[in-house]
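Colleague:
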Amino acid sequence: MPPKYHVLSVLVENRAGVLARVSALFARRGYNIYSLAVAPTDDERFSRITVVVDVEQAPLEQVVKQLNKLIHVIKISELDPRDSVERELMLVTVKAPAEVRGQIIELVELFEGRIIDVGRDELALSLDEHPERLDDLEELLRPFGIIDLQRTGRVALPKLERS
Amino acid sequence: MNTNGGQALIKSLELEGVEVIFGLPGGAILPVYDPILDSPIRHVLVRHEQGAGHMAEGFAHATGRPGVAMVTSGPGATNIVTPLADAYMDSIPMVVITGQVPLPSIGTDAFQECDTVGITRGVTKHNELVTRAEDIPMAIRQAFHIATTGRPGPVLVDIPKDIVDPRNPASAMNWNWPTDADVSSSMPGYKPTTKGHPKKIKEAAALIAVARKPIIYAGGGILKARAAEALRELAELTGIPVVTTLMARGAFPDDHELCLGMPGMHGNYTAVTSIQKSDLLIALGSRFDDRVTGKLDGFAPDAKIIHVDIDPAELGKVRRADVPIVGDCRLVIEEIIKALNALGGPESRMDITPWRQQISAWQELYPLVYEQSIDGDLLKPQYVLEQLRDRSPADTIVASGVGQHQMWTSQYWKFNYPYTWVNSGGLGTMGFSIPAAIGAKVGRPDRTVWAVDGDGCFQMTAQELVTAATERIPVKIALLNNAYLGMVRQWQEMFYGERYSEVYLSPDLPDYVKWAEAMGCVALRVESPDEVGPAIDKANEINDRPVVLEFRTDASEKVFPMVSPGTSNDQIDVGPLQNGLGR
Chain A
863 MPPKYHVLSV LVENRAGVLA RVSALFARRG YNIYSLAVAP TDDERFSRIT
913 VVVDVEQAPL EQVVKQLNKL IHVIKISELD PRDSVERELM LVTVKAPAEV
963 RGQIIELVEL FEGRIIDVGR DELALSLDEH PERLDDLEEL LRPFGIIDLQ
1013 RTGRVALPKL ERS
Chain B
395 MNTNGGQALI KSLELEGVEV IFGLPGGAIL PVYDPILDSP IRHVLVRHEQ
445 GAGHMAEGFA HATGRPGVAM VTSGPGATNI VTPLADAYMD SIPMVVITGQ
495 VPLPSIGTDA FQECDTVGIT RGVTKHNELV TRAEDIPMAI RQAFHIATTG
545 RPGPVLVDIP KDIVDPRNPA SAMNWNWPTD ADVSSSMPGY KPTTKGHPKK
595 IKEAAALIAV ARKPIIYAGG GILKARAAEA LRELAELTGI PVVTTLMARG
645 AFPDDHELCL GMPGMHGNYT AVTSIQKSDL LIALGSRFDD RVTGKLDGFA
695 PDAKIIHVDI DPAELGKVRR ADVPIVGDCR LVIEEIIKAL NALGGPESRM
745 DITPWRQQIS AWQELYPLVY EQSIDGDLLK PQYVLEQLRD RSPADTIVAS
795 GVGQHQMWTS QYWKFNYPYT WVNSGGLGTM GFSIPAAIGA KVGRPDRTVW
845 AVDGDGCFQM TAQELVTAAT ERIPVKIALL NNAYLGMVRQ WQEMFYGERY
895 SEVYLSPDLP DYVKWAEAMG CVALRVESPD EVGPAIDKAN EINDRPVVLE
945 FRTDASEKVF PMVSPGTSND QIDVGPLQNG LGR
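So the sequences go chain by chain: A and B.
In terms of our numbering, the first sequence opens at residue 863 and continues consecutively.
In terms of our numbering, the second sequence opens at residue 395 and continues consecutively.
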């Protein structure tokens, strides 16, 4: 993950075309969306889009203002990683012949992940955790031979006040 | 089921107060054209869909009411993309209805199908594909609400054929006209801020009170907010001079002693320089366009900025404001006036007399100048425009295309009334003037409407003169024929070492007089200075059909002053006739 990334949480109307409107504002400026997660909120009239972009602060402010102008966008907040709780889900299929299978299982247990499918020479596992923990596990699994890997993109909410 | 989608669409437009639709029918929109026969709404049949869009824009410019255009799917929709982009850039309230192929055919590469909503997403304030007949009244109400509130802009409503075709069961519906409350609750994300923040208003008044060299930088937002009166009150209360941008010509009367005219790349010396030397810029509904600022880091370097705009995204977009105020220009100006009065009388503010004197000195030193035409020479475009200005009614509406003739018109016309200047500022759409003038004349039939056009522009949209002749819309066209794409020629002369590439158009091909006559217009060619006045008088007397006056003008004439692209406004070039004066 590059250091300058920003996490935006965009509350939108849950209807056709909204994602295209939102993503078009990034695309026309040539900003790549690093990850994207969309799903309805508890109120199914609305969806929350969590979008991670690699943009400098000043242009980001302009994009946020432009996003706010979209009729179907209700609210936008930028989530500072220091003040948010973040999670992401990763599914991995990894080569797991008998001689290393134990090591992989140990690793998954250490990360509190789960084995979700077992093949003759392969294991499929899942981990839902902070995105950086996903990076760590991915790194540790790589030498075994990753066959398939899919991450969902991060979702985030603001941290709760404690005082 | 008491109605169908097609009937409901026309009824919705009627209930929104639509008096005229500019349009052209085709396959997908056919069912909507049938109920038009029974509607009091006037339909103006255009010759090209681009014309419909610009007519709707011209109508909106001149009346302040949203213009409406209706076209078919596919090529009808793509032909109106340019007017949408134009209206989006210049914040023109407009509603465009496009036909679409029947819902079951969408996405199948059906005949005359295109992804209209996808194509126009970036050039509309909002657009919507309606998928159920019963949603049509709400979609139309939302469209007009969005187009006319907040920062105005174009809204497109895409309507599949099956939901408006009475022969298709999908079009059957029960009529229901949504209330205002229904409309606002249907758009929880749309709540434009109109009232300025009281704390910021006080800060603005405080800055105005201590400024020694203030300038009001009035933009098109003044006109959109119907704020011309409030602006005048603010200027007269404070004695602060006003520049009016290309989009704000007429927002403050040119004959007012505080009016400095147009700033920017082809602004006059005083307007440009007074901004540069100011210590406070009061930007009201203006957006620091690159054509106004020149090289940004050299723009008004010593000025503090008060920036009032209804669009929060404009604040800080180009230049950081010391006092940013989101709100409707009229409401905010009225509050600023109250706050200034609360501070006290004129003694509560700095004396700006020395500043006013400095400005007057600049005005005396650098008026707009050109060399008069003499008999036998090609006409000077400025001379033609002065004659046109002096021989037409004071409240004439003037539309222009884009290029040299546009700049000269803005410079030489005296705009003393709001809503008399119709032009394409942001997008710079050549061919804008003829259809825009037609739309303006439809909206204001009581006014004289002149389109000032160039020969390049004329060839792009002249076919709409057929529309004007057929519909008896007596617009007048002053065609400044210099046989060139003049502004591009000027840049090639000045910045490309006089290497003229693809800018010559020929004065005689086409024969503009014959062409105009073939389109049902009265047409005259004017070649010598003494013919100019009489020709204009004759045109002004004709009120039953369009008139085209073709003026043969001098291609070597360039627009000055000019701030060359990429340079600071301090490097303004006043032109060969004034170079070296006072500096």
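No residue lacks a Cβ here, since even glycine has one placed at the ideal position from N, Cα and C.
Apart from the five residues just before and just after B:E780, which ones in its own chain have a Cβ nearer than 7 Å to its Cβ?
Modeller: Non-local beta-carbon contacts of B:E780 in its own chain, meaning distances under 7 Å to residues more than five positions away in sequence, involve Y806 in chain order.
Colleague: Going by CA-CA distance only, name the one from B:A707, B:R620, B:N562 and B:I602 that's closest to B:A645.
Modeller: B:R620
Colleague: Can you find a CB in chain B that lies within less than 7 Å of the CB of A:I938?
Modeller: For A:I938, the answer is no, since every Cβ of chain B falls outside 7 Å of its Cβ.
Colleague: Give a yes or no on whether 7 Å exceeds the smallest Cβ distance from A:H868 to chain B.
Modeller: no
Colleague: If we cut at 7 Å on Cβ distances, does A:A886 have a partner in chain B?
Modeller: Chain B contact via Cβ: present.
Colleague: Looking at the structure shown, is B:L690 part of a helix, part of a strand, or coil, going by DSSP?
Modeller: helix
Colleague: Give the DSSP-derived three-state secondary structure of A:P864 in the structure shown.
Modeller: For A:P864, the predicted structure reports a pLDDT of 43, less than 50, and the residue's modelled location is therefore unreliable. A value from the coordinates is still provided. DSSP places A:P864 in coil when its eight states are reduced to three.
Colleague: With 16 other CB atoms within 10 Å as the buried threshold, where does B:P839 fall?
Modeller: exposed
Colleague: What would DSSP say about B:Y584, mapped onto helix, strand or coil?
Modeller: B:Y584: coil per DSSP, three-state reduction.
Colleague: Any beta carbon from chain B within less than 7 Å of A:I895's own beta carbon?
Modeller: It does not; no Cβ of chain B falls within 7 Å.
Colleague: With a 10 Å radius around its C-beta and 16 neighbouring C-beta atoms as the bar for buried, classify B:G984 as buried or exposed.
Modeller: Because chain B here runs from 395 to 977, residue 984 of chain B falls outside it and cannot be looked at.
Colleague: Along chain B, which residues have their Cβ under 8 Å away from the Cβ of A:V935?
Modeller: G583
Colleague: What is the C-beta distance between B:G833 and B:F416, in whole angstroms, given that I count them as a contact (C-beta under 8 Å)?
Modeller: 7 Å
Colleague: Residues of chain B with CB under 7 Å from A:R883, in chain order?
Modeller: R515
Colleague: Among B:G470, B:V438 and B:Q444, which residue has its Cα nearest to the Cα of B:G420?
Modeller: B:G470
Colleague: Would you mind sorting A:P865 into buried or exposed? The rule is 16 or more other CB atoms within 10 Å of its CB.
Modeller: In this prediction, A:P865 scores a pLDDT of 48, lower than 50, which makes its location untrustworthy; the coordinate-derived value is nonetheless stated afterwards. Flag for A:P865 reads exposed.
Colleague: Tell me, please, whether the CB atom of A:Q919 is closer than 7 Å to any CB atom in chain B?
Modeller: no
Colleague: Taking the DSSP output, what are the residues bridged to B:G848?
Modeller: Under DSSP, B:G848 shares a beta bridge with B:L874.
Colleague: Within 10 Å of its beta-carbon, does B:K932 have 16 or more other beta-carbons around it, so buried, or fewer, so exposed?
Modeller: The residue is exposed, with fewer than 16 neighbouring Cβ atoms inside 10 Å.
Colleague: Would you say A:K957 faces chain B, with C-beta separation under 7 Å as the test?
Modeller: no
Colleague: Examine the Cβ distances between the region 655-670 of chain B and the region 735-748 of chain B and report whether three or more of them are shorter than 8 Å.
Modeller: Because the criterion of three Cβ pairs below 8 Å is not met, the region 655-670 of chain B and the region 735-748 of chain B do not touch.
Colleague: How many whole angstroms separate the CB atoms of B:Y760 and B:V968, which I take to be in contact at a CB cut-off of 8 Å?
Modeller: 6 Å
Colleague: Taking Cβ to Cβ, would you say B:E765 is nearer than 7 Å to B:A624?
Modeller: No, they are not a contact pair.
Colleague: Using a Cβ-Cβ cut-off of 7 Å, state whether B:K520 counts as contacting chain A.
Modeller: It should be noted that the sequence gives His, not Lys, for residue 520 of chain B. Yes, contact with chain A.
Colleague: Output needed for B:F749: all residues of its chain with C-beta closer than 7 Å, excluding positions within five of it in sequence on either side, in chain order.
Modeller: It should be pointed out that residue 749 of chain B corresponds to Trp in this sequence rather than to Phe. Within its own chain, the residues whose Cβ lies closer than 7 Å to the Cβ of B:W749, once the five positions on either side in sequence are excluded, are R606 and K607, listed in chain order.
Colleague: Roughly how many whole angstroms lie between the Cα atoms of B:G679 and B:A454?
Modeller: 18 Å
Colleague: Nearest chain A C-beta to B:A1030 closer than 7 Å, yes or no?
Modeller: This structure does not reach residue 1030 of chain B, given that chain B is present from 395 up to 977, and the question cannot be answered.
Colleague: Determine the extent of the alpha helix (DSSP H) in which B:I540 is found, giving its start and end residues.
Modeller: I530 to T542
Colleague: Here's the rule I'm using: 16 or more other beta-carbon atoms within 10 Å means buried, otherwise exposed. How should B:G960 be labelled?
Modeller: exposed
Colleague: B:V511 versus chain A: which residues are under 8 Å apart at the beta carbon?
Modeller: G879
Colleague: Any idea which residues DSSP pairs B:A463 with across the strands?
Modeller: B:F416 and B:V490
Colleague: With the cut-off set at 7 Å, would you say A:D905 and A:Y867 are in Cβ contact?
Modeller: no
Colleague: Got a sec, what are the start and stop residues for the alpha helix (DSSP H) A:V880 sits in?
Modeller: V880 to A889
Colleague: Thinking C-alpha only, which one of A:Y896, A:I895 and A:V925 is nearest A:I938?
Modeller: A:V925
Colleague: Out of B:P586, B:H437 and B:D673, which has the shortest C-alpha to C-alpha gap to B:E865?
Modeller: B:H437
Colleague: Using the beta-carbon of each residue, which ones in chain A are nearer than 7 Å to B:K711?
Modeller: Going along chain A in sequence order, the residues near B:K711 (Cβ under 7 Å) are Q924.
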